[in-house]
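K.L.:
Pasting a structure here, questions to come.
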Amino acid sequence: MKSLWNRLSVGGKLCLVVIAAYFLCAAWGGIRSARARWADATPSYNVVDENARYQPPSAEHWMGTDNLGRDVSARLVQGAWISFQVGIGTSLIAIPLGVLLGLLGGYFGGKVDSIVVWLCATVASMPGLLFILAISLIAGKGILGILLGIGLTTWVGVCRTIRAEVMKHRDRAYVQAARVLGYSHLRIMFRHILPNVAHLILIQFSIRFPGSVSTEVFISFLGIGVQGEPSWGVMINNARLRLWQGIWWEMTAVTCAIFILVLVFNHLADELRDILDPALRNERN
Amino acid sequence: MLRYIVRRLLELIPTTIGILVLTFVLFNVVGGSSAEVVLGKNATKASIEAFNKRYGYDKPLIVNTKSGESFFDSQFFHFVANVAKGEFGVSTEHREPVLDVLKRGVGPSLSLTVPMLVGGTLLGLSLALGCAALRGSAFDRSVLVMSTVLMSVNYVVWVLAGQFFLAFKMRLFPVWGYESAFYIVLPAMIGVLSSLGVDIRFFRTAVLDEIYKPYVRTARAKGLSRTKILVKHVLRNSLIPIITFISLSIPYLFTGSLLLETFFGIPGLGSVSLNAINSADLAVVRAVVLLGALLYQVVNLVTDLAYAALDPRVRLG
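In structure tokens form, the structure reads like this:
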């Protein structure tokens, strides 16, 4: 891991620092809301103050207040917590599923592979966003619906990448040696091949994360996602109407928060791909 | 060639079955009967049962194993038979056959998405060619940085910001409506910009993949100009991944753009679908998902056959 840090450019290191800062905010938001739930109190981001509606940014409210006098910065932190839940949660569904199927298809080939390819082709045919929206709707509006909707549709990319790489490894000498030694297929797949394709998992995670966050914003903006909690999508929808009356701070704050997180992740994904995928490195330079 | 066509057609069967099963499981098994949506929360048990009986929700799910009844008398096979007949049920929102609702939306959707695709491809491809010609230069770098930035702006923000600044504040475009071609301009521009980042990066990689091949060096050695090589040789060869990329977006031309259509009041399939999602009108959502997926199969088939006709390596390999 240390060498990876050293190989990142200054920009890449900066991205990682920004992501760490977001993560700390998100973790703080998570702890805060858990504590509020534990104490059965209204969490600070949902405290309504009728006397402090539509306050522009000030020392007391760094990013102003919204239509119910709720502090925008507190809500933004909670939104970061939801985004990280989505970014990590959907990866916990999509990556194991994609890696497992990719390993099976790439390693065994033949009939097993045909089934994996068939599953990928079927899911890939579904019209993206609408299919995710339908799953979220049917699974029940809320964070679980979003996790299932995004997680169960985006494993295809992971699976295809892993499968293609495993196919290259299948007949390499180290795999043949492991076979001659009589190791089981499972052991060869998970102990021998998987570590050799693990860098792809890291790349896939860094690509998936900003995508999932953006999709969650979209779903929650439409009102099918997170309910009653200040997801960034919910906040945009909330700020949208007041924007026309000149209340700019809520929209600006939430837009910038999403943009910066997604931008640094996209940039980091590019760098990781350049560093970890030697085949691409040669082509690019 | 005939063998290839037959093989490719046979490959359609399992995927189509997969699509039908997936749609059925999601909407009919997990989603279940829409009796409560249609009849309201206060419906009696008897009326729900009557509804389920009328629409076949009381039948077994996948196959019918009851003795004396047809094996195929199940919800799944009725669903497949109805799809084959073009019957997608009745929209609970519009109270009319789903297909009629969808037919109205296709035209407006295409009037938005086709200009978006054409404009986006031309703009993205010319910028990508410029990048490839001047690779490593300040132009190339700034376009690359710009495309990462464009990619990172949330789609929702594109739509809201475009509408707020260009239509509401500056009054350059109509805010809402579908009355003349002019009403399409702003949503189409927003659509192009929101996907431009991804487009440029893809097209640039596709062109750069070709530019280091030996034939380019040969052409240079023969004394051809850089522009001529780029347009006549490199672009032609990089068209294969580019056309695949474009063809994958063709099904989405028909299903339209969810957000743009809703926010700019274009009565296309995108706004129909989003309305259906919001009012839990599952029959409409199911039809759009299913037709979108089947259309994807058709477009894929046509693209593959076109390659096979143009490139013998595909049909023999």
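Listed in order, the protein sequences are those of chains A and B.
Under this note's numbering, the first residue of the first sequence carries the number 1, and numbering increases by one thereafter.
Under this note's numbering, the first residue of the second sequence carries the number 1001, and numbering increases by one thereafter.
Beta carbons: idealized from backbone N, C-alpha and C, even for Gly.
Decide if Asn51 (chain A) is buried, meaning its Cβ has at least 16 other Cβ atoms within 10 Å, or exposed.
P.N.:
Counting Cβ neighbours within 10 Å, Asn51 (chain A) comes out exposed, since fewer than 16 surround it.
K.L.:
Looking only at its own chain, which residues have a Cβ that is under 8 Å from the Cβ of Gly109 (chain A), when we skip the five neighbours before and after it?
P.N.:
Once the five neighbours on either side are set aside, the close Cβ partners of Gly109 (chain A) are Met167 and Arg170.
K.L.:
Exposed or buried, what is Trp120 (chain A) when buried is set at 16 or more other beta-carbons lying within 10 Å of its beta-carbon?
P.N.:
According to the sequence shown, residue 120 (chain A) is Cys rather than Trp. Looking at its Cβ environment, which holds 16 or more other Cβ atoms inside 10 Å, Cys120 (chain A) is buried.
K.L.:
Which residues bound the alpha helix (DSSP H) around Asn1064 (chain B)?
P.N.:
No alpha helix (DSSP H) contains Asn1064 (chain B), which DSSP labels as neither H nor E.
K.L.:
Can you list, in chain order, the residues of its chain whose CB lies under 8 Å from that of Tyr1252 (chain B), leaving out five sequence neighbours each side?
P.N.:
Once the five neighbours on either side are set aside, the close Cβ partners of Tyr1252 (chain B) are Thr1113 and Gly1292.
K.L.:
Alpha carbon to alpha carbon, how far is Arg1007 (chain B) from Trp1176 (chain B)?
P.N.:
Cα to Cα, the separation comes out at about 48 Å.
K.L.:
Under 7 Å Cβ-Cβ, which residues of chain B neighbour Thr255 (chain A)?
P.N.:
Those within 7 Å of Thr255 (chain A) in chain B are Val1157.
K.L.:
Could you name the residues of the stretch 106-131 of chain A whose beta carbon sits closer than 7 Å to any beta carbon of chain B, in the order they occur along the chain?
P.N.:
Listed by position, the residues of the stretch 106-131 of chain A near chain B (Cβ gap below 7 Å) are Trp118, Ala121, Thr122, Ser125, Met126, Pro127, Leu129, Leu130 and Phe131.
K.L.:
Would Ser231 (chain A) and Gly79 (chain A) qualify as a contact pair, given that the criterion is a beta-carbon distance under 7 Å?
P.N.:
Going by C-beta atoms, Ser231 (chain A) is nearer than 7 Å to Gly79 (chain A).
K.L.:
Counting only Cβ-Cβ distances shorter than 8 Å, please list the residues of the stretch 216-249 of chain A near chain B, keeping chain order.
P.N.:
Against chain B - using a Cβ distance shorter than 8 Å - the residues of the stretch 216-249 of chain A are Val217, Phe218, Phe221, Leu222, Gly223, Ile224, Gly233, Ile236, Arg240, Leu243 and Trp244.
K.L.:
With a threshold of 7 Å between beta carbons, is Asn266 (chain A) in contact with chain B?
P.N.:
Chain B, which has a Cβ nearer than 7 Å to the Cβ of Asn266 (chain A), makes this yes.
K.L.:
Taking the alpha carbon of Thr1016 (chain B) as the reference point, which residue from B:Phe1254, B:Asp1311 and B:Leu1301 has its own alpha carbon closest?
P.N.:
The candidate whose alpha carbon is nearest that of Thr1016 (chain B) is B:Leu1301.
K.L.:
Where does Asp66 (chain A) sit, in a helix, a strand or coil, going by DSSP?
P.N.:
Coil at Asp66 (chain A), not helix or strand.
K.L.:
Considering only their Cβ atoms, is the gap separating Leu1061 (chain B) from Ala1133 (chain B) smaller than 7 Å?
P.N.:
No, Cβ-Cβ distance for Ala1133 (chain B) and Leu1061 (chain B) is not below 7 Å.
K.L.:
If we define contact as Cβ-Cβ less than 7 Å, is Ile1005 (chain B) a contact residue for chain A?
P.N.:
For Ile1005 (chain B), the answer is no, since every Cβ of chain A falls outside 7 Å of its Cβ.
K.L.:
Using the beta-carbon of each residue, which ones in chain B are nearer than 8 Å to Phe259 (chain A)?
P.N.:
The answer, in chain order, is Ser1152, Val1153, Asn1154 and Val1157.
K.L.:
Excluding the 5 residues flanking Ala74 (chain A) on each side, which residues of the same chain have their C-beta closer than 6 Å to its C-beta?
P.N.:
So the qualifying residues of the chain are Ser44 and Tyr45.
K.L.:
What is the residue span of the alpha helix (DSSP H) that His1078 (chain B) lies within?
P.N.:
Run containing His1078 (chain B): Gln1075 to Lys1085, per the alpha helix (DSSP H) assignment.
K.L.:
Please tell me whether Ala26 (chain A) has its Cβ less than 7 Å away from any Cβ of chain B.
P.N.:
Not an interface residue.
K.L.:
Just checking my contact of Leu1282 (chain B) with Gly1031 (chain B) at CB under 8 Å: how many whole Å lie between their CB atoms?
P.N.:
Leu1282 (chain B) to Gly1031 (chain B), Cβ: 5 Å. Contact.
K.L.:
May I ask you to list, following chain order, the residues of the stretch 1271-1289 of chain B that have a beta carbon less than 9 Å from some beta carbon of chain A?
P.N.:
The stretch 1271-1289 of chain B vs chain A, Cβ under 9 Å: Ser1273, Leu1274, Ile1277, Asn1278, Ala1280, Leu1282, Val1285, Arg1286, Val1288 and Val1289.
K.L.:
Taking Cβ-Cβ distances shorter than 8 Å, what residues in chain B pair up with Ile138 (chain A)?
P.N.:
The contacting residues are Leu1026, Phe1027, Val1030, Gly1031 and Leu1282.
K.L.:
Shortest alpha-carbon distance to Val1159 (chain B) belongs to which of A:Val47, A:Gly29 and A:Ile236?
P.N.:
Residue A:Ile236 is the option with its Cα nearest to Val1159 (chain B).
K.L.:
Can you check DSSP and say which residues form a bridge with Pro1097 (chain B)?
P.N.:
Beta-bridge pairing links Pro1097 (chain B) to B:Val1090.
K.L.:
Would you report the Cα separation of Ala178 (chain A) and Ile188 (chain A), rounded to the nearest angstrom?
P.N.:
Going by the C-alpha atoms only, they are around 7 Å apart.
K.L.:
Going by DSSP in three states, Asp113 (chain A) sits in which element: helix, strand or coil?
P.N.:
Correct three-state label for Asp113 (chain A): helix.
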